[in-house]
Structures are given as structure tokens and as C-alpha cells.
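Count along the sequence shown from 1, then add 286; that gives the number in my numbering.
For each residue, glycine too, the CB sits at the ideal point set by N, CA and C.
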Amino acid sequence: MVQPLDMNAIDQALQGFTIPPQPDVLLHIQQLVQQPEPNMQRLATLINMDIGLAGFTLKVVNSAYFGLRSKITSIEHACKFLGVNRVVKLVRSVLLRFTLEQDQQKDPFSQKLWSNALLVANSAASLARHLQWPQELCDDCYTLGLFRNAGIALITAQAPNYADLVKIGVLAGQGYSEAEEHRFHTCHEILGYLIAQSWGLPTELCNVIAYHHSPALILESDNELEQRLFAILKLAEHMSGESRVLFDITLDPEWEQFAPQMLDVLQLELFQLPELAEVLRQNELNTIYTG
């Protein structure tokens, strides 16, 4: 496990920011699934109470990633077909986007942020499935892809020029978190960790979010699961062209420096990336290799 976050760093990062609490519907859903025999109909009813939540959940379920042969037409059907745990993970991710995007729907950067988050989430999960990881881990990769940049949404709500300032820092040789701390006195790694922890994500996912811009630290972790989740996340980020999409830069310093170690964790070689890009293309996911 990577080293615990320093409490002083957490206190400093939180100054001026409020971690959004879990929505009531998510609290009710999690209470329900903790019961010995969760009532599937009750779960579907809770989700259906929010038309937007239900609609977006069905949209994701019917996306290319899930690869279902027949269309899922109702939340009840989704619960029966996918199982309660998978649906709850999915709903949690959808609610995160709804919660953090409420006041930023017309902001171009926010739109790019969530569009890229969805691409990275789908890409990480699809790559994990291609590598024949267990389904639960594939779902965790999807959750990780959506949650890891949630802290950026908190910063941009207060700093509309966020992308421009971070771009200046990265082009000057700073890491993403270093650029944020220099200009905003916080970083999205820590804010994202606190959101993930507050929203009940597993410890390993919280740790990866806390250190997803600190390759040197997390690649030395003695937790193999954290290393694997981190490596596949960074592979998905790289293949999505995240730095280009969000900050309009072609630099990808973390990948350029640590790609061999990340690929080694995944037991992959650099020459296999175009093949993986084709796998993603078949799932309707564009990459820097396919356009």
C-alpha cells in the first residue's frame, strides 16, 4: 500500500473547498444493498425516482462497453441482468457526474472534462476485460476512470482559468499536482481522494486516486492490485490523449518517463499498443492511434 496522505496536506488542500456529500438516493441505495437479501424491486424503485439518473444509467448500460446482445429497457431489467452490485457501482459514478456538473453544464472545459472521464473509464474497463481481468475489477476500472479527476471539477468551479494556468505549469516542466498547488494551493489528487473516500469507494481505488499523478510512489507500492489499477488507468489516459484533450498540449510526461514500468505491471509491450487501440475501436472508443 502507498504511504498514507499527510494530514497537514489534506487540511491545506481543503481550505476553501467543500467535499460534496453523497446524495440521499445513494445513501438509501447503499443501505439497501447492505441488507442480507437486498430487495431488487426496491432498488429499481429508488433509481427510477430520479428520471435523469435512471435514463443516464440505462444509456451507459446499453453502451458498447457492456456489449449486450439485446437492449436493456428498464432499471428492473438492468438489476436482474447485471446484478445489484454492478448496478450500484454504475449509479454511484453517474451520480458523481450529476452532482459535480450541476453548475457547470455550459462550461466548455467541464464538458471536455466529463467527456474525457467517460472515455477513460470505458477504455480502462475495456482494456481490463481484454486482459481477462475479473468482472469486478473491470467495473472498478470504470469507477476509477470517472472518479480520479473529480477534484478538478471542484477547482474549476472556483477558477475558470484552471486549464490555462495548469498548461503554463506543465509546459514549464511542473507535474500536474505541482502546477495546481503552486497556483491554487490545492491539488485534484487529494480532493479526488477525499471525494472517493466520502462516497464509499474501496481503499485501493481511493489510494490510486490519491497518487495517480505520482507514478514513482505508487509503482513502489507493495500492493499489486493498486499497481495494476494505476497502470491500466494511465494506459487508458495515454491512449485517450487526455493531455491534448484537456490542456491542448502534446506532452505526456508521466507516460514518457514511466511507460516501461507501467506496461511491465500489465505484462504488455509497447508494440502491442496499436493492437489494443483496435480493441478499443471495436468498442467505439477512439484513441490517439485511431483518431
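In the three-state DSSP reduction, M335 falls in the coil class, being neither helix nor strand. Of the residues assessed, T472 falls on the buried side of the cut-off, its CB having 16 or more other CB atoms within 10 angstroms. Taking a C-beta distance under 7 Å as the contact criterion, G431 and V406 qualify as a contact pair. Contact between L413 and L562 holds, since their C-beta atoms are separated by about 6 Å, short of 8 Å. Taking the CA atoms as reference points, A364 sits about 33 Å from L559.
Exposed is the label assigned to T304, since fewer than 16 other Cβ atoms lie within 10 Å of its Cβ. Shown here, W419 sits in coil according to DSSP, grouped into three states, outside any helix or strand. Annotated as distal: I358 and N334, with beta-carbon spacing of 7 Å or more.
Rounded to whole angstroms, the separation of the alpha carbons of W400 and R383 is 7 Å. Each of W541, V456, H474 was checked against the Cα of Q444, and the nearest Cα belongs to H474. For C473, the secondary structure class from DSSP, reduced to helix, strand or coil, is coil. Spanning the alpha carbons of E466 and V452 requires a straight line of approximately 6 Å.
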